[in-house]
Amino acid sequence: MRIYRAKDYKDMSRKAANIISAQIIMKPNCVLGLATGSTPIGTYEQLVEWYRKGDLDFSDVTTVNLDEYKGLPRDNEQSYYYFMHDNLFKHVNIDLSRTYLPDGMEPDSKKACDDYNHIIHSLGGIDLQLLGLGHNGHIGFNEPGLAFETETHCVDLTEKTMKANQRFFASLDDVPKQAYTMGTKTIMQAKKILMVVSGKDKAQILHDAFFGPVTPQVPASILQMHNDVSIVADEDALALIPQ
Ligand code: F6R
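For my numbering, add 220 to where a residue sits in the sequence shown, where the first one is 1.
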């Protein structure tokens, strides 16, 4: 595990974008695993800026996202499909037919998950998986207590996660209660992992995930067992991590 210390959110975003750029430059037809949430937004902005300058080419890149709310149509501004288009896909020269997210509008959970697992397998796996870190240690929507060895599955979101996401919806009642998410096993099979973490409110969980015991109670702690993890975090998030 490598920890890259960033001064602040902007610096974190730039450093993370550098790692993703290096991946695209070294393997133009790579498979990128992508994340939504507030933390990677600056990373996507930086990638878009470099694309506009002519420094990056997404034309051969394939993407698979971590997760999607079950039941939200693609044109709902809170769907992760919408998020990815808004923050990255519509600004770069990526081939949209090679950008994948779980199908949130597929009501049959088993079908939605099997289809997504099939896509990931047929792509030959993920070269670099970008992750954020939930306040309860979740990665994707893998909530505390779930088995580590899952592939894409349907989860009931915890109240804590629904409350954390409430800021994006009109009310708590509007927050979807289920999501399709890549499982921990799928994430662990990515060749490289890049986690971005920002803010004081993530300091304790960042510490617990990487310096505490490996336990399903802290889903991100399984990443201690992965052999190529880079964490890019700002000073606030690193407050409890020894220098
Ligand atoms: C997003 C995702 C989530 C977020 C996590 C942190 O696709 O899967 O695990 O990475 O909830 O979210 P933020 O960055 O908003 O704190």
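A virtual CB, placed ideally from N, CA and C, is assigned to each residue, including glycine.
Checklist entry - Taking K290 as the reference, which of M325, N249, Q266 has the closest Cα? => result Relative to the Cα of K290, the nearest Cα in the group M325, N249, Q266 belongs to M325.
Next on the checklist: Do I239 and S441 have their beta-carbon atoms positioned less than 8 Å apart in this structure?
Outcome noted: No.
Next on the checklist: Please give the ranges of any alpha helix (DSSP H) in the region 324 to 349, keeping only runs that are unbroken, at least 4 residues long and fully inside the region.
Outcome noted: Whole alpha helix (DSSP H) segments, 4+ residues: 329 to 342.
Item to check | Three or more C-beta pairs below 8 Å linking the region 394 to 413 and the region 355 to 363 | outcome: Contact holds: three or more Cβ-Cβ distances are below 8 Å.
Checklist entry - Measuring from the CB of T259, is there a heavy atom of the ligand F6R at a distance below 7 Å? => result Within the cutoff, so yes.
Item to check | Burial state of I245, where buried means 16 or more other Cβ atoms lie within 10 Å | outcome: I245 is exposed by the Cβ-count criterion.
Checklist entry - Buried or exposed: where does M415 fall if 16 or more other Cβ atoms within 10 Å of its Cβ makes it buried? => result That one is buried.
Next on the checklist: Can you check which of these residues, S299, N385, T319, is closest to F278 by C-alpha distance?
Outcome noted: Checked all of S299, N385, T319; the closest Cα to F278 is T319.
Item to check | Alpha-carbon to alpha-carbon, T256 and F309 | outcome: Each residue's CA atom was taken as its position, placing F309 and T256 some 13 Å apart.
Checklist entry - Is the Cβ-Cβ distance between V251 and I346 less than 8 Å? => result Yes, they are a contact pair.
Checklist entry - How many Å lie between K235 and N447 at the Cα? => result Inter-residue distance for K235 and N447 is about 20 Å (C-alpha atoms, whole angstroms).
Next on the checklist: The beta strand (DSSP E) that contains H373, what's its start and end?
Outcome noted: Run containing H373: 373 to 376, per the beta strand (DSSP E) assignment.
Next on the checklist: Please determine whether the Cβ atom of L443 lies at a distance below 7 Å from any heavy atom of the ligand F6R.
Outcome noted: L443 Cβ: outside cutoff for every heavy atom of the ligand F6R.
Checklist entry - P439: which of P462, M304, E369 sits nearest, CA to CA? => result Ranking the options by Cα distance to P439, first place goes to E369.
Checklist entry - Roughly how many angstroms lie between the CA atoms of Q349 and D393, to the nearest whole one? => result Approximately 31 Å, taken between the alpha carbons.
Checklist entry - In three-state DSSP terms, what is M415? => result M415 sits in a strand when the DSSP states are folded into three classes.
Checklist entry - Cβ of F361 within 7 Å of any heavy atom in the ligand ADP? => result By its list of ligands, the structure shown excludes the ligand ADP, since it contains just the ligand F6R.
Next on the checklist: Quick check: the Cα distance between Q386 and I223, rounded to an integer number of angstroms?
Outcome noted: The straight-line gap from Cα to Cα measures roughly 30 Å.
Next on the checklist: Measuring only from the beta carbon, is L414 closer than 7 Å to any heavy atom that is part of the ligand F6R?
Outcome noted: L414: no, Cβ never under 7 Å from the ligand F6R.
Next on the checklist: For F430 and M221, which I take to be in contact (beta-carbon distance under 8 Å), what is that distance rounded to the nearest angstrom?
Outcome noted: Under the criterion of beta carbons closer than 8 Å, F430 and M221 qualify as touching, at roughly 6 Å.
Checklist entry - Of the choices P260, H355, L267, D456, whose alpha-carbon is the least far from that of F303? => result Minimum Cα distance to F303 is reached at P260.
Checklist entry - So is S299 buried or exposed if we call it buried at 16+ other beta carbons inside 10 Å? => result Buried is the call here.
Item to check | As assigned by DSSP and simplified to three states, the class of G262 | outcome: Helix at G262.
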